[in-house]
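Notes for the one structure printed next.
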Amino acid sequence: EAPETSGETPLTLVGEARTGEGEALSEYFMEAVDLYLDWETGEGALVGGGGFHAFAVEGDTPTITGFYAGQREAFDVMAALSTGVYAAAERSNNQIDLVQVTDGNIAPEASFTVGSLSEVAAADGRLYVATYNGELLTYDVSNLRAPNKVHSTGGLSNPWDLIVHGDRGYVADAALGVVVVDLSDPDAPAVGAAVETAASPQRVSVDGDTLFAAVGSAGVQAFSLADPDAPEPLWTMDYGAAVIDVHASGG
722 EAPETSGETP
732 LTLVGEARTG
742 EGEALSEYFM
752 EAVDLYLDWE
762 TGEGALVGGG
772 GFHAFAVEGD
782 TPTITGFYAG
792 QREAFDVMAA
802 LSTGVYAAAE
812 RSNNQIDLVQ
822 VTDGNIAPEA
832 SFTVGSLSEV
842 AAADGRLYVA
852 TYNGELLTYD
862 VSNLRAPNKV
872 HSTGGLSNPW
882 DLIVHGDRGY
892 VADAALGVVV
902 VDLSDPDAPA
912 VGAAVETAAS
922 PQRVSVDGDT
932 LFAAVGSAGV
942 QAFSLADPDA
952 PEPLWTMDYG
962 AAVIDVHASG
972 G
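Everything in the sequence shown is counted per my numbering, starting at 722 for the first residue and increasing by one.
Written as structure tokens, this is what we have:
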């Protein structure tokens, strides 16, 4: 059963950091479009129309610790490969940069291009890349300076988001719905069944055995992952406006 909404925001601003302030940072930051935070270490990174920024959180206070411009001082999506190691991707030039952050110092290790780049996700030394031409590509990035494509497969159509949950991947595909990917062999992912959604999914998130999809004008749709290969629709909540992103954690 869909939860009820109170109409009030449960969020309270407790701290903030301004990009574009301090030495060696971007001169501007128009927008932050993707973010990662390691809750255990308090270290993270964000990307957007201003490049790649590393930050650290102590208590309620975030601090920008470093900046990497990349080729055009803009990135669209990112994935954490391991602690302090990230893949930052820019769709307009189909480029992925692998960067390492150490005490705020950001060192680019490698750059490579992927045609029709859409989304990236990472697990166990592998970088998975979904493309707008319907492919899912696998790169071995255990050696940051020598990324190696080890597999490619079709089966997607118009992927907007890609996440890894255990030995399964889930793709928000605007044309197909939620697509399941078997990652039990990390070097040879197998694209499986697609589950129809209430509207075109744009983002997905997993919490426990429930998958949540942002389905645009239809709101948020929840699926049971009791069978991880066959998500079962549970409920859909209409927010009265288009939902373009979703994240669930800790219930």
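Glycine included, C-beta positions come from ideal geometry on N, C-alpha and C.
Helix, strand or coil at residue i according to DSSP, with G and I counted as helix
i, result
"Q816", "strand"
"A801", "strand"
"L838", "strand"
"W760", "coil"
"Q942", "strand"
"Y755", "Note that residue 755 is Asp in the sequence shown, not Tyr. Strand, per DSSP."
"S747", "A caution first: S747 carries a pLDDT of 49, below 50, which makes its placement in the model too unreliable to give a value."
"N854", "coil"
"I884", "strand"
"V901", "strand"
"N826", "strand"
"R924", "strand"
CB contact check: residue i to chain D, cutoff 8 Å
i, result
"R847", "In the structure shown, chain D does not exist; there is a single protein chain."
Neighbourhood of residue i by C-beta distance below 7 Å, restricted to the same chain and skipping five residues each side
i, result
"A951", "A914"
"E830", "L819, V820, Q821, L865, R866"
"A939", "A919, A920, T957, D959"
"F833", "I817, P868"
Straight-line gap, residue i to residue j (C-alpha atoms, nearest Å)
i, j, result
"A943", "R812", "29 Å"
"S905", "G961", "39 Å"
"G791", "G972", "37 Å"
"A844", "Y853", "21 Å"
"I817", "V798", "9 Å"
"T918", "E953", "10 Å"
"A738", "I785", "7 Å"
"E729", "V806", "37 Å"
"G973", "E840", "Residue 973 is absent from the model: the chain starts at 722 and stops at 972."
"G771", "A808", "16 Å"
Residue nearest to residue i in terms of C-alpha spacing, selected from the options
i, options, result
"A920", "V941, D928, L946, A911", "V941"
"Y891", "Y849, A766, T804", "Y849"
"D948", "A934, A935, V901, V871", "V901"
"V916", "A909, D908, L897, I884", "L897"
"P783", "N815, S878, G736", "G736"
"T874", "G855, G887, D882", "G855"
"T823", "N814, L756, I817, T804", "T804"
"N814", "V806, D755, V835", "V835"
"D928", "D903, I965, I884", "I884"
"G887", "A893, D903, R793, L877", "D903"
"Y860", "W881, G825, R889, L802", "L802"
"R889", "P907, P922, W881, L877", "P907"
"W978", "E729, A808, Y807, A935", "Past the boundaries of the shown model lies residue 978; the chain is included only from 722 to 972, so the question cannot be answered."
Residue i and residue j closer than 8 Å at C-beta
i, j, result
"D959", "S945", "no"
"L955", "V912", "no"
"A842", "A800", "yes"
"G763", "A777", "yes"
"F933", "V967", "yes"
"L758", "G769", "no"
"G937", "A963", "yes"
"A810", "L838", "yes"
"A895", "N869", "no"
"A969", "R924", "no"
"G876", "V862", "no"
Residues near residue i in its chain [Cβ-Cβ closer than 8 Å; skip 5 each side]
i, result
"I827", "F773, A775, G787, F788, Y789, V820, Q821"
"D781", "V735, G736"
"T733", "none"
"A745", "At A745, the pLDDT of 47 sits below 50, so the modelled position is not reliable; the number obtained from the coordinates is stated separately. Result list for A745: G787, F788, in chain order."
Close-in-space but distant-in-sequence residues of the same chain around residue i (CB under 6 Å, 5 per side omitted)
i, result
"W760", "none"
"V871", "T859, D861, D908"
"L767", "A753, L756, H774"
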